[in-house]
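Accompanying notes for the structure given below.
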Amino acid sequence: MNNGFITAGSLVIRQLVNTAQAHPKRLAAALAVMLMTGGGAAFAVAELGPNPSDMPVQTVEYPVESLASDISIADLVDGPGFSLYRTDEVRSNDTPESLLRRLGVADPAAAAFIRSDAKARSAIIGKAGRQITAETTQSHELTTLTVRWAGDSSDVFQRFSIRKADGKFDTLTEFLPLTHGTRLSGGIIRSSLYAATDAASLPDNVSNQMVEVFADKIDFRRALRAGDRFSLVYETLEADGEVLGTGRLLSAEFRNNGKTHEALWFQDSPKDKGAYYNFAGESGERSYISSPVKYTRVSSAFAMRVHPIHKTWSAHKGTDLAAPQGTPVRTVGDGLVTFAGVQNGYGNVIYIDHGNKHETVYAHLSRIAVKQGARVSKGDEIGAVGQTGWATGPHLHFEFRVAGEQRDPLAMVAESETSKPISRQARAKFDNLANSMRLALNDQMLMLETSSTNQ
1 MNNGFITAGS
11 LVIRQLVNTA
21 QAHPKRLAAA
31 LAVMLMTGGG
41 AAFAVAELGP
51 NPSDMPVQTV
61 EYPVESLASD
71 ISIADLVDGP
81 GFSLYRTDEV
91 RSNDTPESLL
101 RRLGVADPAA
111 AAFIRSDAKA
121 RSAIIGKAGR
131 QITAETTQSH
141 ELTTLTVRWA
151 GDSSDVFQRF
161 SIRKADGKFD
171 TLTEFLPLTH
181 GTRLSGGIIR
191 SSLYAATDAA
201 SLPDNVSNQM
211 VEVFADKIDF
221 RRALRAGDRF
231 SLVYETLEAD
241 GEVLGTGRLL
251 SAEFRNNGKT
261 HEALWFQDSP
271 KDKGAYYNFA
281 GESGERSYIS
291 SPVKYTRVSS
301 AFAMRVHPIH
311 KTWSAHKGTD
321 LAAPQGTPVR
331 TVGDGLVTFA
341 GVQNGYGNVI
351 YIDHGNKHET
361 VYAHLSRIAV
371 KQGARVSKGD
381 EIGAVGQTGW
391 ATGPHLHFEF
401 RVAGEQRDPL
411 AMVAESETSK
421 PISRQARAKF
431 DNLANSMRLA
441 LNDQMLMLET
451 SSTNQ
């Protein structure tokens, strides 16, 4: 009987296999119907098996040697314990108590020391943005407090430490070399450029460099489209493994309205000035940046006008760029400061000689940040917007002179010649750098496209 049952079962199974091979679609449909309507049948099949609760249970024990067989439980409990670490940033409104509380420190003596020690107060209190790390015992008493910040140069950082030994606090100040690293980032334009850079956690310094590099190719005010995207590599300045700041934009790719723009920073040797190029080695940098100030509007162009003070009809020999009081003013090009001081209607004014009989003038400044005789580089901050001299409101009066004759400043800046292409001697070095950067940027673009498709 059992043999007959097995034979019949084998025949049924063989028939099912033949049917499945001959009519796979019908079988899939039948299974789908069973899954949608046969919940009770599935339950019934499950009930044919044994109930796990009725099955016998057997416990098996094996001795296992401890990995810490030479350490007793008492030693673990009564031992030195462990340390806790937490890192944060100093806030402008921090008190010693609020800062330590945020760092998980419960140590009134530490707060009292910070408040009473002049070096500790100078390094920590009111120094917003500085990175600070606390090491505590398991009972949250302070062991070490370390704050780091960048020094006067891009090569050094300062580390200030408060340490506890034998129940007393002391301080240590160190000047150490910064580590230069790189970061890869990117974003997609959905509403605005800065919304995209914020979403990508891109530092403002890097965002502004990207805008400056592509300013003569992309109109960031009017030409951006939803779906435009960018990828870039930038330099980081790191101390003890923590990023303290950012340096130069090293490479970038921006796809705007179906067109791709590239930029690669290349410096053949420390003696060379360096410049931005596309990946083919063609210069992408002009002699002058697009504007000396991030202005809201041109309040008075290079043209005839009624003078706002004298009420006379005369030619305006420069361009007035309206901006809030104190807005930083940058030199548009490399040059030598030939005058920095007060001059008649210009008020606080700076003159810069750029060579080739080119000279720029920056007037009505609220402050002057350079001295006569100083060498400045393109983009350096030289002062701030004000309304000194003959001015009815805060703005920058900007002039561009060629052999002493005033020209339209914004036109001269826009038409400035580009830098020279890569030299033959540096070509191999440039190509190696360009290839590695291109691969990194392409990978980032691919990630952006994938994430955009999945959304």
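For the sequence shown, counting from 1, position 277 maps to 277 in full-length UniProt numbering; every step adds exactly one.
Note that beta-carbon positions come from the ideal geometry of N, C-alpha and C, so glycine has one too.
The structure presented is a predicted model; accordingly, all values stated were derived computationally and were not measured.
Would you mind sorting L99 into buried or exposed? The rule is 16 or more other CB atoms within 10 Å of its CB.
buried
Quick check on the DSSP output: the beta strand (DSSP E) that includes Q131 runs from which residue to which?
Q131 to T136
In whole angstroms, give me the CA-to-CA distance for E253 and V147.
36 Å
Nearest neighbour of T136, chosen from A110, F220 and G247 [CA to CA]:
A110
Rounded distance between the beta-carbons of Q158 and T173, thought under 8 Å:
7 Å
Can you name, in chain order, every residue of its own chain whose Cβ lies under 8 Å from the Cβ of L31, other than the five neighbours on each side?
Residue confidence for L31 is low, a pLDDT of 43 falling below 50, so the modelled location carries little weight and cannot support an answer.
Just curious, the beta strand (DSSP E) that Q343 is in, first and last residue?
G335 to Q343
Buried or exposed for L176, going by 16 or more other Cβ atoms inside 10 Å?
exposed
In this structure, does DSSP put R401 in helix, strand or coil?
strand
Nearest to F400 by CA position, among A428, T388, G355 and Q131, is which residue?
G355
Taking all protein chains shown into account, do 16 or more other C-beta atoms lie within 10 angstroms of the C-beta of S452, making it buried, or fewer, making it exposed?
exposed
State the DSSP-derived secondary structure class of R101, mapped to helix, strand or coil.
helix
Buried or exposed for N256, please, with buried defined as at least 16 other CB atoms from any protein chain shown within 10 angstroms of its CB.
buried
Where H397 and I382 are concerned, what is the direct C-alpha to C-alpha distance, given to the nearest angstrom?
14 Å
In angstroms, rounded to a whole number, what distance separates the CA positions of V370 and G318?
22 Å
C-beta contact flag for L224 and Q444 at 8 Å
no
If we require 3 or more residues per run, which beta strand (DSSP E) segments fall completely within the stretch 193 to 240?
229 to 239
Given a cut-off of 8 Å, decide if A391 and L365 are closer than it, judged by their beta-carbon atoms.
no
Three-state secondary structure (DSSP) at R330?
strand
Could you give the uninterrupted runs of the beta strand (DSSP E) lying entirely in the stretch 270 to 296, keeping only those of 3 residues or more?
275 to 277
How many angstroms separate the CA atom of E238 from the CA atom of W149?
10 Å
Here's the rule I'm using: 16 or more other beta-carbon atoms within 10 Å means buried, otherwise exposed. How should G186 be labelled?
buried
Please classify F113: does DSSP put it in a helix, a strand, or coil?
helix
In DSSP terms, what L145 is bridged to:
A134 and I162
Going by CA-CA distance only, name the one from I114, R86, S83 and T87 that's closest to T95.
I114
Among the residues of its own chain, which have a CB less than 6 Å from the CB of F160, if the five just before and after it don't count?
A123, V147 and T173
Would you tell me roughly how many angstroms separate the C-alpha atoms of F266 and P292, rounded to the nearest one?
24 Å
For A118, which three-state DSSP category applies?
helix
From the DSSP output, read off the bridge partner residues of T173.
F160
Between which residues of its own chain and G245 is the CB-CB distance below 6 Å, once the five residues before and five after are set aside?
A150 and L237
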